[in-house]
Each structure stands twice: as C-alpha cells, then as structure tokens.
Amino acid sequence: MTRRRWRAIAVNAAVVAATLLTAAPLVWMVLVSFMPRGESSRFPPRLWPSRWSWENYHELLARRLIDGAWFDYRIVPALWNSLAVAALSTLLGLLLTVPAGYAFAKLRFRGRERLLQLLVAALVVPGQVAMLPLFLIFKELGLVNSYAGVILPSLAGIFAILFVRQAALSIPDEMLDAARLDGASERRIFVQIVLPLLAPITVTLALFMFLGSWNDFLWPLIVLADQHLYTLPVAVAAISREHAADGELMMAAAVVTTLPVLILFVPLQRYYISGLLGGSVKG
Amino acid sequence: MTRQERTAWGFVLPVLAIILFVFALPTVLALALSVTDYSIYALADWGALRFVGLGNFTDLLTTPLFWRALGNTALFALLGVPMAIGTSLAAALLLHDASVRWKPLWRVLLFAPYVTSVVATAVVWRFLLNTRFGLLNRALGWIGVPPVDWLGDPHASIPAILLFVTWKIFGYNMIVFTAALAAVPHDLMEAARLDGASRWTRFRHVTLPAIGPTLLLAAVMSVAGFLQIFAEPYVMTLGGPAQSTTTVLYFMFDEGFKWWNLGQASAVAFILFLMILALTLVQARIGRRYEWL
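For the protein sequence lines, the chains are A and B, in the order given.
Start counting the first sequence at 0; every next residue gets the next number (numbering that gives the first Met the number 0).
Start counting the second sequence at 0; every next residue gets the next number (numbering that gives the first Met the number 0).
Laid out in structure tokens, this is it:
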C-alpha cells in the first residue's frame, strides 16, 4: 500500500513539474513585461521585477509627441484590427458554413455526393498554394490592403462545412420529416429545430474560427502593406524586428497578443477540446 | 426542383462560390503560374509574361538555397516529429494515470500554449533562448552547462526552434492520445495485470498496440505540419544563421513576396503540395489498413 502511495505522490509531482515547465515561458513573459526598462538584460538578470512597473505598457500603447510628431507603435489600432477581423470572419464564416454543413448532411439535392467528394479531396491542398495567385487576383480587384482581403480567404471554410455536416448527420430524419408534415418551411425547420441542436458545435466552431483568425500570420502579412491595417501578429512581428533587444517592451507586446485569446479560451475550453476530439473529418 | 432542393442550394451556393473564388480558382492558377516566368516585370505589365514550361522546376533543382530549404524542412520534420509526438505521449501517459488529481486543470494548462499566437510566443521564446539573458541558458548554467548560442549557431538553431515548436503544439496530440488511452480495453489491461505482466510489458503489449494507429496517424499529420513551418523562423531567426532555418515555405515567401518571382514561387508551392499529397496518400493507406476510412 505504501509503495502505491509513494508512486501516486511521484506521479502527481511529475504532473505538477510538467505543468510548471509548460507555464514557465508564459509566466516569465508576464513577469518581464512588468520589469522596469532594461532590467531583464542587466547582468545578472533578474527573475522577479524589482518593482512592478506599467512603463512598458505605457511605452507600447500610449501615443505621444516626440520632436513635434505623434508617435506610437500602432499596437492599439492593431488590437482593434485583429478584433474586427476575427469577429467578422467568425460571424460571416458561421453564417456561410453552418447552413451549408446542414444541407450536405440532411437536405437532398442533385450533385450532393459529388460535391462532398470534391470538398474532401480539396482538404489535401495546402492553403499556401492558392496564396500567390490569390494575391494577384486581389491586387487586380483592389482588395489588397483591406479588411475584405484578409477576411475573404478565411471564409472558404471547407473544414467547417465537413465539421458541421458530421454533427448534423446525427439529427434524426423523423424529427425533420414530422416538421415538414406539419407544414413548416425548410428555412423555419433550420432556424427553429436544427440550429438549437447544433448550438454546442456552433460554439466550438466559432472558437476555432476566432482563434484561427486572431493567430493567422502568413496571409495578413502578405495582403496588408499599410501599417494602419496590420493585425496584431503582423504588427508584433514588425516591432520585434526593430526592437529585438528590448526585452520588456517585446514581452508586453506578447502579453497584449496572447492574453485576449487565453481569456477567451479558458472558460470555453470544454467546447474547444470536445471539438478537437469529435472533429476528425472522415468523408 | 423541390422546395427542399431550392433551400439546399440557397444554403450551399454562397460558401461554394467563395471556395471557388478564393481557393479552387487560385489553386488552378498556381499551376498555370508555375510554368511562366511571372516576375516583377509582369507585375507591371502582363505583356511581359512568357511561358517557360518546366523551366521553373529545373531552375529550382539547380538552386542551392532551394535544396538547403528542402534539407532544413526535412530535418525539422525528422527531429520534430519524434520530439513532439514523444512529448505528447509522455504527457498523455502521465495525465492518464489513475492517481493524478485535478486532471482538468492540468489538461487546460498543458494545452494553453497551443491556442496562443505563434508570433507572440516566438517573440517570447527568442528572448528565452537569448545567449546571455535567456532563461534556458541560465537554467543550464545552474547545472554547469556553458551557455549555448541557440539562435546564432547554425547547428543549434533547428533544435532551438524545435524546442519552441514542441512546447507550443504538444498539447494538441496530448489530448488526442489521452482519448485513445481512455479507449484501451480495461479488461485486457486487468487480465495482463493478473497474469503478472510488469508495467512496461503491459505498456508494450497492451497499450501500444491499442493506441498504435492513433500514434501513427498523429505522426503523419505532424509531418504535414512541419512541412509548413514559416512563422517560427520568420520571427526568431529570419531563416538564418547561415540559412540554417530557411524552410520551403520561407523560401517560397521570400521568392514570391520579397523578390516577386511569383512564377518560381508557384513552382515551390506546387512541390510543397505534391509532398503533402504524398503524405495524405500514406495516411489514407494507414487508415485503410486499420479500417477507419
């Protein structure tokens, strides 16, 4: 019995150690972001702030007059850009893919199976292949350097359609047929019967879409040239090139970028993880 | 057309139109672009465009940096897959143990890095790996290891970035493996225990065969993920030092959007596509073998 007890203690200690090790970079990020400027790169460097200071956040976020010209790192505008882009692409993405996923699962129409096969096949093509011509097309259409240019490609939610379809397959046909016999229109059936049933996976999908858009980097980097339109990752990458040595400032920028996502993720993690496990798409 | 059919088309047409416009059409055009000499001149005037056949592909084969990028990407995958899958499996086995308390709490904390922005955490890790002030070298210093120039030494740069990538992504497969472990037949485990099988024997002959297919599938999918590494070197090393972290996608980005050789870059994209296609075929074969697909 005691041997088993020692083992339990050892296993629990190992779990705690692994968690601490995993959390350490994020904890350090927060600690350094509150250090007075330059403290993290003094020798010997400190682990804990000598005093808690907001000056890095002030430096990063506040707009101020330098030599008669306004200057800021454009992090606050980037925060709003990221928020707007992520919110819009989530909202539009849901509007487009949830009805489509349901239609592929439950509505009969000619060519359904063929289209479905095409969508599954299209999952094989990495999105990066489309990026180069897409840039040229958007350039011709004047979509480069616009929100629309960032958001449009994220709306091609093939994975999302298949994800919703998978969930919608489990809705009993009898339920829909009964509503049809009662004279309900197809649209009404979708809104009043199907949507409530799909609510949990819609939350999961919304979370996937929001986080995906918030964290997206390569496409916004390509399509946005104007600093005023930068999303957070693009803005942070740009600052990090010029201020690589400025540890405290960069950590504050990292906190501003990661914190909103973690705040959103923690209360909704149940949805995220269940989606991750149930979302294996098999055509 | 029935009422149902009309509604169905109303539901699927908008998204299909967008997929056609931003995905299908550009993918076909990428193929077309890869056989042209599309460069900065054509960007100004389409008339300057010439058909070059497979010229871009043969050019690539004689470009040392392209081979370097291929080699680096292969190294990322070769080292990264065992590292990431191993860490995920170790964490999953640890969390699976019956004696662990507050499992949901540990699960969320271990998974948290996965949902954060690659760019932001890459910035954090670049500082963490700093030769003089980084946490990692200081931790190594406490046990007497001399400082390593993680991101400045061409031999250390890929392992250093892989440390970061592993930290960021292991939570994902940890969750997948925890679910697979929970599905290992309990009576089989109990029978092995009654037969006096040791912990290792039980792992080797009961757990591993049961979760084997999941492991294999995760490994193949991880390779596809490692083939698409871009943001990490972009933020942490700019592809350096001495081009030791220039990946295929990094090469494509530079070729396309720094030098505007979009024809050449499309050829790179197409090669990337073929590699991922090959992987998917392998994955499908594995799936068929274990009868999931």
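Cβ atoms here follow ideal geometry from the backbone N, Cα and C, with glycine treated the same way.
Let me know if residue 280 (chain B) comes out buried or exposed under the rule of 16 or more other beta-carbons within 10 Å of its beta-carbon.
exposed
Is the CB of residue 240 (chain B) under 8 Å away from at least one CB in chain A?
no
Alpha carbon to alpha carbon, what distance is there between residue 155 (chain A) and residue 32 (chain B)?
22 Å
Measuring only between beta-carbons, confirm whether residue 34 (chain B) sits less than 8 Å from chain A.
no
Through-space distance from residue 282 (chain B) to residue 292 (chain B), alpha-carbon basis:
The pLDDT assigned to residue 292 (chain B) is 39, lower than 50, so where the model puts this residue is not dependable; a value taken from the coordinates is nonetheless given after this. Approximately 10 Å between the Cα atoms of the pair.
Report the CB separation of residue 149 (chain A) from residue 213 (chain A) in whole angstroms; it is logged as a contact under 8 Å.
The Cβ separation is near 12 Å, so there is no contact.
Can you list, in chain order, the residues of its chain with a C-beta nearer than 8 Å to that of residue 171 (chain B)? Leave out the 5 residues immediately preceding and following it.
87, 110, 113
C-beta contact flag for residue 178 (chain A) and residue 170 (chain A) at 8 Å
no
Helix, strand or coil for residue 46 (chain A), going by three-state DSSP, please let me know.
coil
When DSSP builds the beta bridges, which residues end up paired with residue 65 (chain A)?
A:68
Do residue 121 (chain A) and residue 11 (chain B) count as a contact pair if the criterion is CB distance below 8 Å?
no
Sorted by chain position, which residues of the same chain lie with C-beta nearer than 7 Å to residue 281 (chain A)'s C-beta, five sequence neighbours on each side aside?
Model confidence at residue 281 (chain A) stands at a pLDDT of 37, short of 50, so the residue's coordinates are unreliable and nothing is read from them.
Hey, residue 150 (chain B) and residue 128 (chain B) are a contact pair by Cβ (cut 8 Å); roughly how many whole angstroms apart?
6 Å
What residues are listed by DSSP as bridge partners for residue 35 (chain B)?
B:50
In chain order, what residues of the stretch 112 to 123 of chain B put their CB closer than 8 Å to some CB of chain A?
112, 114, 115, 116, 117, 118, 119, 120, 122, 123
Got a sec: is the Cβ-Cβ distance from residue 52 (chain B) to anything in chain A below 8 Å?
no
Pair within 8 Å by beta-carbon distance, residue 230 (chain B) and residue 278 (chain B)
no
Are the CB atoms of residue 241 (chain B) and residue 158 (chain B) nearer to each other than 8 Å?
no
Is the shortest distance between the beta-carbon of residue 151 (chain B) and the beta-carbons of chain A less than 8 Å?
no
Please classify residue 242 (chain B): does DSSP put it in a helix, a strand, or coil?
coil
Using a Cβ-Cβ cutoff of less than 8 Å, which residues in the same chain neighbour residue 251 (chain B) once the five nearest sequence positions on both sides are dropped?
264, 267, 268, 271
Terminal residues of the continuous alpha helix (DSSP H) containing residue 206 (chain B)?
Taken as a continuous stretch (DSSP letters only), residue 206 (chain B) belongs to no alpha helix (DSSP H), as it is neither H nor E.
Can you grab the Cα-Cα spacing for the pair residue 143 (chain B) / residue 96 (chain B), in whole Å?
34 Å
Just how far apart, CA to CA, sit residue 167 (chain B) and residue 123 (chain A)?
24 Å
Can you give me the C-alpha to C-alpha distance between residue 261 (chain B) and residue 51 (chain B), rounded to a whole angstrom?
13 Å
Can you find at least 3 beta carbon pairs, one from the stretch 249 to 268 of chain A and one from the stretch 51 to 70 of chain A, that sit closer than 8 Å?
yes
Simplified DSSP state of residue 216 (chain A), which is helix, strand or coil:
coil
Quick one: which unbroken alpha helix (DSSP H) runs of 4-plus residues sit fully inside the stretch 139 to 198 of chain B? Chain order, please.
156 to 181, 185 to 193
For chain B, is any of its Cβ atoms less than 8 Å away from the one on residue 143 (chain A)?
no
Does the beta-carbon of residue 138 (chain B) have 16 or more other beta-carbons within 10 angstroms, so that it is buried, or is it exposed?
exposed
Taking Cβ positions, are residue 146 (chain B) and residue 130 (chain B) nearer each other than 8 Å?
yes
Between the alpha carbons of residue 163 (chain B) and residue 79 (chain B), how many angstroms are there, rounded?
10 Å
What are the start and end residues of the alpha helix (DSSP H) that includes residue 71 (chain B)?
63 to 95
Do you know offhand how far residue 134 (chain B)'s Cα is from residue 7 (chain A)'s?
30 Å
Residue from B:155, B:120, B:121 with nearest C-alpha to residue 136 (chain B)
B:155
Using the C-alpha atoms, what's the distance from residue 21 (chain A) back to residue 19 (chain B)?
41 Å
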